[in-house]
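Notes for the one structure printed next.
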Amino acid sequence: MAKTISVMVVEDKRLQQIFDQIIRLANADFHTPGVISEKRDDLDSIIVGLNLLGEELESHTLKLRESQARLNTILLQLTEAQHLAGIGSWEWDMATDTVTWTDELYRIYERCRDDFETSYQNFLGCVHPDDRAYVHTTITEAFAKKEAYSFSHRVLGSDGTDKIVACRGEVYLDEQGNITRMTGTAQDVTDQRRTEEKMARLAAIVESSRDAIISKTVDGYIKSWNKQAEALFGFSESEVLDKHVSMVIPPDKLEEEKDILHQISMGKGVIDYETERMRKDGTVIDVAATISPIKNAAGTIVGASNILRDITDKKLAQEKLVAYTEALEQRNKETEQFAYIASHDLQEPLRTITNYIGLFQQDYKGKLDKNAEIYLQFIANASNRMKALITDLLEYTRIESDSEPAAIDLNVLLQEVISDMQATIADTGATINVSHMPTLTGYYSSYRSLFQNLISNAIKFRKPDVAPVISITSAGAGKDVLFEVRDNGIGIEKQYFDKIFMIFQKLHSRSEYQGTGIGLAHCKKIVDLRGGKIWVESTIGEGSSFYFTLPKKHII
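Using my numbering, read the sequence shown as starting at 638 and increasing by one per residue.
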């Protein structure tokens, strides 16, 4: 009996061991195998089987964990790839009517996973209001036709700007042809679309440009050729692509082209130059060219962009202008020389006439009747006027005949002019106020004559019994310096504002005001030669303001 009980206890322990091992295996504890007895009976067979099962389960579990780890890695890589590509994905399970989004999709639509319920209606709420009807129609049609779809739509970003999202979707069917699920992707293509738009605009500009625009490799092989290049050179795009640019370069300019491309390949920036090119028919033309480097995304110079404009007509016009200018300068020199010689030669007989009239008046004073004396005085006055006219004409032809321009302090120059006119100023009681004047480059005699004439006129054309008050000022005026000589004289009628600057034009008779009518023409020529303008503003009875400008390039 005791032996039987002992056996039963032993068997119970072995059964408990089996039960414990089954529990360990269920809990994935594969490291404690069952103990096999010396009986080698059925219970031991069960233990052996459980041990083998544990080994197999351990092996399968290890493989499952490795597979899970690989899957997790793949999912992580997929998430990173979606983020880098800006692509999010979604799935719509029809059986459960659940929609799942990836993290990147939340980012694209600027939504938070924690507080955004993924559903079709909520997706439509993410779409730009102006695009919702179009998006809904596209998806509904794809659903009805049970086919894939693709479209783009806008998303109103949190910063108020529009983003562009490209969407694609797939439909999955069961054996009966019913839709079981839909999957799709959405990609933020805003930068890509903007780049495409910029490229399209740039391409349109290139094609519509009035200049020939060519791109080529650093070795000189043509890669693009716009419409104006076809018009300029006579070659179609298909005739020149991948051909060497030397086909439109005259032989004597090949080394120049090689040198310029070398400079570009070595990092030289934009180069502007004028050169020659050759048309399909062999005609050589003058062109103004600009060449600049083309770089790839890494910043490596891979080619050059060449912009060329036909300046053949411009060159011919410039050559004609140079020839005309040279001829005109020669004629001016001849005219001035003739005027000088004529004026100089006229002075000698005029001096003789004046001298003899003076002697005649002295010798026959009181011996002639009154009419004869009046006639002689008329002749003497006319001779003096002729002398003054010849002197003024000589000065007019000598304007800017000084050997070289020099620095002139107008403050000093005006002091000298006023000092030389002191007798006239004292006789008329004139007051001359001069503000600070600039120093400029030019011809001393010309500027002296300019101010002296303007001041003399201001004194000459004064109102009776009113002392002249003259103000001379200067001020900046954009690219020029503006000078003003203002007086309180008799004034000038508006209809004569232009006439007074013409040579030999006088508004008053000699009995009223002496003069030859050259002074203001003299002033105009001086100002014109310096690239400035001169004009007058005046009111009868109140006075005149003579203005003239000089480019700031003459100011020191």
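Backbone N, C-alpha and C fix where the C-beta goes; we use that ideal spot for every residue, glycine too.
Identity of the residue in T798, E784, G1168 nearest G814 by Cα: E784
Straight-line gap, F1098 to Q1132 (C-alpha atoms, nearest Å): 18 Å
C-beta contact flag for I1092 and V1118 at 8 Å: Taking 8 Å as the cut-off, the beta carbon of I1092 is found no closer than this to the beta carbon of V1118.
Spatially closest choice to R805 from D811, T798, V792, Q824, by CA coordinates: Q824
Nearest candidate by alpha-carbon position, reference A1060, set T1076, R1085, I1096, P986: Of the candidates T1076, R1085, I1096, P986, the one whose C-alpha sits nearest the C-alpha of A1060 is I1096.
Collapsed DSSP secondary structure at G1152 in the structure displayed: Its pLDDT being 48, under 50, G1152 is placed unreliably in this model, and the value from its coordinates should be taken loosely. In the structure shown, G1152 sits in coil (DSSP, three-state: anything other than H, G, I, E or B).
N943 - partner residues in DSSP beta bridges: Beta-bridge pairing links N943 to I851, I928.
Simplified DSSP state of E1174, which is helix, strand or coil: strand
Any chain D beta carbon closer than 8 Å to N664: Looking for chain D here will not work: only one protein chain is present.
Start-to-end residues for the alpha helix (DSSP H) that takes in R1085: 1081-1097
Residue from K782, H790, V672 with nearest C-alpha to Y771: Taking only the C-alpha atoms, the option nearest Y771 is H790.
Among Y1080, P1105, T1076, the one whose alpha carbon lies nearest that of G1066: Ranking Y1080, P1105, T1076 by Cα distance to G1066 puts P1105 first.
Exposure label - M903; buried when at least 16 CB within 10 Å: exposed
Residue closest to K864, alpha-carbon to alpha-carbon, out of R847, G857, E876: R847
Residue environment, V959, which counts as buried when at least 16 other CB atoms sit within 10 Å: exposed
Closest Cα partner of N1048 within the set S1072, L898, T1068, M1058: Measuring from the Cα of N1048, the nearest candidate turns out to be S1072.
Residue environment, N1090, which counts as buried when at least 16 other CB atoms sit within 10 Å: buried
Coarse secondary structure for H881, derived from DSSP in three states: strand
Ordered list of alpha helix (DSSP H) runs contained in the region 993-1020, each at least 4 residues: none
Candidates A964, T733, S756, C763: closest to R744 by CA position: C763
Segment limits, beta strand (DSSP E) that includes V1071: 1068-1071
Cβ-Cβ separation, A964 to I944 (assumed contact under 8 Å), whole Å: Rounded, the Cβ-Cβ distance is 35 Å, inconsistent with contact.
I1192 beta carbon less than 8 Å from that of P1042: no
Spatially closest choice to T1186 from M1139, F1134, G1178, Y1084, by CA coordinates: Y1084
Nonlocal neighbours in the same chain, by C-beta distance under 8 Å from R750, ignoring five residues either side: The beta carbon of R750 is closer than 8 Å to those of W738, D740, Y743 in its chain, skipping five residues each way along the sequence.
Ordered list of beta strand (DSSP E) runs contained in the region 793-825, each at least 3 residues: Positions of the beta strand (DSSP E) runs, each at least 3 residues long and wholly inside the region 793-825, are given as 799-810, 816-825 in order along the chain.
Residues near D730 by beta carbon distance below 7 Å, same chain, minus five either side: R818
Helix, strand or coil at F780 according to DSSP, with G and I counted as helix: Helix.
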